[in-house]
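Novice: First the structure, then my questions, so here it is.
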């Protein structure tokens with residue numbers, strides 16, 4: 006009998022677009038595939054979805070997203086504009102603590118999240134089964150703390166997307182041989198229509214472009230290794246699921262109606278997503 010390959014699920018960042026990502030996860034796990042990975046690795050909002058999945062399960066993760074009706078339910082505006090960020094992460098921390106407040110669900114996959122330390126410039130990967138609560142909840146929120154937009158957690162921990170928007174390599178390093186990657190952003194960033202008429206919009210879009218470039222480089226590196234004629238590297242089965250280029254959503258658009266629409270769009274990803282299979 007052929008040995009089952011270790012299955013990994015990689016969840017990329019993308020702010021409010023994480024609702025679309027959740028819809029895809031629901032489709033994979035509840036649909037005909039009956040999908041269940043051995044490891045979930047997430048950055049930014051992908052870290053939130055990863056932690057919520059293994060600690061609360063799909064029902065509680067869905068409940069968390071549907072409890073968000075506006076931006077201030079996640080990030081509250083700081084009164085002093087020259088502090089660590091425009092927004093405070095405290096509302097998000099309360100929500101994460103509600104779902105990541107105890108042990109993982111029995112039989113759930115292991116979970117790794119990524120955050121960066123401003124002091125060292127290094128990326129860190131706390132593991133849910135090793136990192137004790139409440140530290141793990143704090144690191145999940147740190148992974149979603151966009152630099153200059155959201156206050157750094159503990160004054161130094163920020164979005165893991167600075168180094169890895171989609172933590173594919175970490176999943177490979179953990180021994181996964183078959184990996185599904187769910188991106189929150191379209192594969193191509195061309196023709197994004199938006200009025201760039203304020204500093205926040207420009208800053209957010211600039212971060213997206215920077216993070217996306219990191220992702221493309223990571224993916225190309227993995228593909229090159231898959232085609233290495235020396236066979237030095239183990240072949241990785243890759244599947245990418247990303248929104249169509251026509252999917253355009255603001256990073257901080259946490260409106261109730263928008264979130265519900267995105268969950269539905271993600272669930273129907275076969276007709277609304279660009280799916281890339283195999284070693285590409």
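Numbering (the numbering used here), first residue to last: 6 to 285. Positions of the beta carbon are idealized from the N, C-alpha and C atoms, including for glycine.
1) State yes or no: is the C-beta of residue 49 within less than 9 angstroms of the C-beta of residue 164?
2) Restricting to Cα atoms, I'd like to know which of 31, 253, 148 and 185 is closest to residue 97.
3) If I'm right that residue 45 touches residue 59 with Cβ under 8 angstroms, what's the distance once you round it to whole angstroms?
4) Restricting to Cα atoms, I'd like to know which of 186, 264 and 63 is closest to residue 244.
5) Is residue 64 helix, strand or coil by DSSP?
6) By the three-class DSSP mapping on this structure, what secondary structure does residue 251 have?
7) Ignore the nearest five residues each way along the sequence and tell me which others in residue 72's own chain have a CB closer than 8 angstroms to its CB.
8) For residue 284, name the three-state secondary structure that DSSP assigns.
9) Is the region 121-140 in contact with the region 13-33, if contact means three or more CB pairs nearer than 8 angstroms?
10) Should the region 113-125 be regarded as contacting the region 208-219, the criterion being three or more beta carbon pairs within less than 8 angstroms?
11) Whose C-alpha, out of 150, 257, 242 and 261, is nearest the C-alpha of residue 15?
12) Have a look at residue 269 and residue 262 and give me their C-alpha separation to the nearest angstrom.
13) First and last residue of the beta strand (DSSP E) that includes residue 176?
14) Write down every uninterrupted run of the alpha helix (DSSP H) in the region 89-149 whose length is 4 residues or greater and which is fully enclosed by it, in chain order.
15) Report all residues from its chain with a CB closer than 6 angstroms to the CB of residue 51; omit the five preceding and five following residues, and keep chain order.
Specialist: This is what the structure gives:
1) Locating residue 49 in the chain shown gives position 44, counting from the first residue. Locating residue 164 in the chain shown gives position 159, counting from the first residue. Cβ atoms of residue 49 and residue 164: closer than 9 angstroms.
2) Mapped onto the chain shown, residue 97 falls at position 92. Cα-wise, what sits closest to residue 97 is 148.
3) On the chain shown, residue 45 is found 40 positions in, with the first residue counted as 1. On the chain shown, residue 59 is found 54 positions in, with the first residue counted as 1. About 6 angstroms; that satisfies the 8 angstroms criterion.
4) Residue 244 sits at position 239 when you count from the first residue of the chain shown. Here the closest residue by C-alpha is 186.
5) As a first step, residue 64 must be located in the chain shown, where it is residue number 59. Helix at residue 64.
6) For the purposes of this step, residue 251 is taken as residue 246 along the chain shown, with counting starting at 1. Coil at residue 251, not helix or strand.
7) To locate residue 72, count along the chain shown from 1; it is residue 67. Cβ neighbours of residue 72 beyond the five flanking positions: 78 and 100.
8) Looking up residue 284 in the chain shown gives position 279. Note on residue 284: pLDDT 34, under 50, position unreliable in the model; the coordinate value appears next. Of the three classes helix, strand and coil, the one that applies to residue 284 here is coil, per DSSP.
9) no
10) no
11) Residue numbering aside, residue 15 sits at position 10 when the chain shown is read from its first letter. Per the Cα distances, 242.
12) Looking up residue 269 in the chain shown gives position 264. Looking up residue 262 in the chain shown gives position 257. Cα to Cα, the separation comes out at about 11 angstroms.
13) Translated into positions along the chain shown, residue 176 becomes position 171. Segment 173-178 is the alpha helix (DSSP H) holding residue 176; no beta strand (DSSP E) there.
14) 95-104 and 140-148
15) In the chain shown, the residue the question calls residue 51 occupies position 46. Closer than 6 angstroms at Cβ, skipping near neighbours: 16, 17 and 18.
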